[in-house]
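Trainee:
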Amino acid sequence: MRLWMLIIATIILSIISLFIGAIDIKPSDLLDWDSDKTQIFLMSRVPRLMAIILAGAGMSIAGLIMQSLSRNKFVSPTTAGTLDAAKLGIVVSMLFFTNVAYFQKIIFSFAFALIGTFLFMKLLDRIKFKDVIFVPLIGIMYGNIISAITTFLGYESDILQNVQSFFMGSFTLVVSGRYELLYVAIPAVILAYIFANKFTVAGMGEDFAKNLGLSYKTVLNLGLILVSIISTTVVLTVGVIPFLGLIVPNIVSIYMGDNLRKTIPHTIGLGIVFLLICDILSRLIVYPYEIPVNVTVAVIGSAIFLVMLFRGKAYAKK
Amino acid sequence: MRKNSTKFIILTIIAIVFILLYAFYNIQGGFGYAFPRRLVRVAAMIVTGIAIAYSTIMFQTITRNRILTPSVMGIDSMYEVVQTVIYFVLGSASIFVVNHYLNFGVAIIAMIIFALILYRFLFRADKHPIYLLLLAGMIIGTLLGSLVSFLQVIIDPVEYLSLQTRLFASFNNVKTELLYVSLVILGGCFIYGGRMLRDLDVMSLGRDTAMNLGVNYDKIVLRVLVLSSILIATSTALVGPITFLGLIVSNLAYQYIVTYKHSLLIAGASLISIIALVGGQFLVQHVFHLNTTISVIINFIGGIYFIYLLLKESRAAG
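Keeping their order, the protein sequence lines are chains A and B.
Going by this note's numbering, the first sequence opens with residue 1, and the numbers climb by one from there.
Going by this note's numbering, the second sequence opens with residue 1001, and the numbers climb by one from there.
1. Work out the CA separation of A113 of chain A and V1296 of chain B for me, nearest whole Å.
2. Give me the residue from A:S14, A:V219, A:M50, A:I107 with the minimum Cα distance to A86 of chain A.
3. Does any residue of chain A bring its CB to less than 8 Å from the CB of L1143 of chain B?
4. With 16 as the cutoff for other CB atoms within 10 Å, does E1177 of chain B come out buried or exposed?
5. Taking the alpha carbon of I1108 of chain B as the reference point, which residue from B:I1057, B:Y1079, B:Y1033, B:S1055 has its own alpha carbon closest?
6. Taking 8 Å as the threshold (C-beta atoms), are L1252 of chain B and T1259 of chain B in contact?
7. Once the 5 residues before and after G1268 of chain B are set aside, which same chain residues still bring their CB inside 6 Å of it?
8. Any idea which residues DSSP pairs S1270 of chain B with across the strands?
9. So, using beta-carbon positions, are F171 of chain A and I52 of chain A closer together than 8 Å?
10. Does the CB of V299 of chain A have a neighbour CB from chain B at under 8 Å?
11. With a threshold of 8 Å between beta-carbons, can I12 of chain A be considered close to chain B, or not?
12. List, in chain order, every chain A residue whose beta-carbon is nearer than 8 Å to that of A1115 of chain B.
13. Consult DSSP for S1170 of chain B and reduce its assignment to one of helix, strand or coil.
14. Counting only beta-carbon atoms, is Y1131 of chain B nearer than 8 Å to chain A?
15. Measure the C-alpha to C-alpha separation of D84 of chain A and A303 of chain A and round it to an integer number of angstroms.
16. Does L1205 of chain B pass the burial test, meaning 16 or more other C-beta atoms within 10 Å, or should it be called exposed?
17. CB-CB under 6 Å to A316 of chain A, same chain, minus the five flanking residues each way: which ones, in chain order?
18. Between V1215 of chain B and F310 of chain A, what straight-line distance do the alpha-carbon atoms span, to the nearest angstrom?
19. According to DSSP, is G321 of chain A part of a helix, a strand, or is it coil?
20. Could you please give the first and the last residue of the uninterrupted alpha helix (DSSP H) stretch that includes D1208 of chain B?
21. Does any residue of chain A bring its CB to less than 8 Å from the CB of T1292 of chain B?
22. Mind checking H266 of chain A: buried by the 16 CB within 10 Å criterion, or exposed?
23. Express the C-alpha separation of Y1180 of chain B and S282 of chain A in angstroms, rounding to a whole number.
24. Helix or strand or just coil, what does DSSP make of Y1180 of chain B?
25. Run the CB neighbour count on L220 of chain A, radius 10 Å, all protein chains shown included, and call it buried at 16 or more, exposed below.
26. Under 8 Å Cβ-Cβ, which residues of chain B neighbour L124 of chain A?
27. Measuring CA to CA, which of B:Y1101, B:L1245, B:I1009 is closest to I1057 of chain B?
28. Tell me the DSSP secondary structure of I285 of chain A in three-state form.
29. Checking contacts by CB at 8 Å: is V1158 of chain B closer than that to chain A?
30. Just to confirm my understanding: we take T1236 of chain B, look at its own chain, exclude 5 residues before and 5 after, and list those with CB closer than 7 Å. What are they?
31. Cutting at 7 Å between CB atoms, please list the residues of its own chain near V1017 of chain B, excluding the five before and the five after it.
32. How would you list, in chain order, the residues of chain D whose beta-carbon sits under 8 Å from the beta-carbon of I1304 of chain B?
33. Consult DSSP for N211 of chain A and reduce its assignment to one of helix, strand or coil.
34. Among the residues of its own chain, which have a CB less than 7 Å from the CB of L226 of chain A, if the five just before and after it don't count?
35. Is it the case that the stretch 1098–1118 of chain B contacts the stretch 254–274 of chain A, given that we only count it when at least three CB pairs across the two stretches are under 8 Å?
36. Closer than 9 Å by beta-carbon distance: list the chain A residues that pair up with N1299 of chain B, in chain order.
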């Protein structure tokens, strides 16, 4: 798969995405600047497309960074408790402040995602047995424990329903004015690209990286901060999108190897294409209604992950 | 070191004390109103506790490990899939929905088929390491769970409401007519499974030794899979999934009751499981006055215990 193929696929899928929906909008309708259809197009369809592109790019990069830093192919925001910790942060912010402001949610969610991921990395340091399967297993359980705390707090303060509807990942509610936080992912992705070489070196192990004159701790912390920023912005605007950060970087690394500077553009491209396809499917299956996109992603993503587990064992051990 | 008989007396006394406490503690208002309701709940907890302990211990013997349980492998998610598919394909007016026995029968048959496929595919000649199986089981669980939400979103809203009442089982919402059915099923399983317990004792020596000693290994494995599926279906239909209960009680039983005899192990695990459920519910409801269901707390403690077990195993292996 070449980069230009991914770019063409992205463009075609974006156009499809812009022109499907409950209200039939044709390209010719857009010529009339003041019409309702143009307004809908600008207020709803374009923001939705932007949100998908940003979330797809962000989540795949977050997964790529985590896999590189932990030296494990199956570590990602889904399998290291990052997304669960971000959720817990939002719930805690709802408990602390009666009328929680958006900004407070962001801060809490970010802080929890960062602490949660950091703790998991510390836990990994303690484990001597760094099997490629074993680590994500611990990570998923770690996430389940954090989720249990979230459910518990939700039950006790009667905000469970609120919380559940909040995290149902969906691009339905994305209209202009409600998704702009996602643009924070752009500088995060650019930073990831600038530091790509350092992440690659850090992925070779602490001792090796230090030998090459790299400040391992700084790079590690920077990576975790980037991952937490991306995860937080995605969770807060569109909800939890599972498995994306897990499978996309793996597919790319099967045919591109592990040099981050080379793989980042492909990872972004494939992440966007994958999420666009899932979103278009979610919109078409029960047209004119919609299936939450995280459900579609989870069905397709977990199936792909299962195939990778059994087919790709040999490859993942490399 | 206490004798096993002493340990059993201690466990039985604790279990009875908790049952009595739960049934009689702080009954206010109409005794005639509250008491029968509490009895139904206690009965449901006892049935569930025994069913989960029984199926988990048998399942762990045939899969030769102490971490895998039927719930962790996703068998209880299958119950929800079957119910959702029945509603989705046949509708709520179907005989398979209206008739409780028929409905239960279909669910059990589907779960048995699923368990058999899982066993054939995953445990074929011990090819796969245990961590891979665990991770695969969890992902299969996620896949089934997402499939359920996928179908539930595209199902007719009226059918969905009816489906919801069937799936949202909990200890606070036990259906009395189902309780009688499960008592009968549990009794049947004991009569049917009782004859196999000695064979299981021999099977814990390993496949080859057991076959040398004249045990029809594959036949027993098949029977155990059928029995565990029936038991898990019963407990899931009655009170909903409790993922980690089986894991906790079976491992506590292995540690506390030192024996190879399955009759004693199952009895011990059942008692521990009753203590955990009834005692836990009593503490949650009457001592700490929490709104949480016991399942949330069991999943929280179980998750931590699970990580502990994994780390311990990995040290032994690594």
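C-beta: ideal position from N, C-alpha, C; glycine also.
Being a predicted model, the structure only gives us computed values, none of them experimental.
Mentor: Inspection of the coordinates gives the following:
1. 22 Å
2. A:I107
3. yes
4. exposed
5. B:Y1079
6. no
7. A1253, I1257
8. Per DSSP, none; premise fails for S1270 of chain B.
9. yes
10. yes
11. no
12. Those do not exist, as A1115 of chain B stays about 17 Å from chain A at its closest Cβ, beyond 8 Å.
13. strand
14. yes
15. 21 Å
16. exposed
17. Its pLDDT being 48, under 50, A316 of chain A is placed unreliably in this model, and the value from its coordinates should be taken loosely. Within the same chain, A316 of chain A has close Cβ partners K73, V132.
18. 32 Å
19. Past the boundaries of the shown model lies residue 321 of chain A; chain A is included only from 1 to 318, so the question cannot be answered.
20. 1207–1212
21. yes
22. buried
23. 42 Å
24. helix
25. buried
26. By Cβ distance, chain B contributes nothing, its closest Cβ being about 11 Å from L124 of chain A, past 8 Å.
27. B:L1245
28. helix
29. no
30. D1076, Y1079
31. none
32. The structure shown contains no chain D; its protein chains are A and B.
33. helix
34. I65, A188, L191, A192
35. no
36. N144, I145, S147, A148, T151
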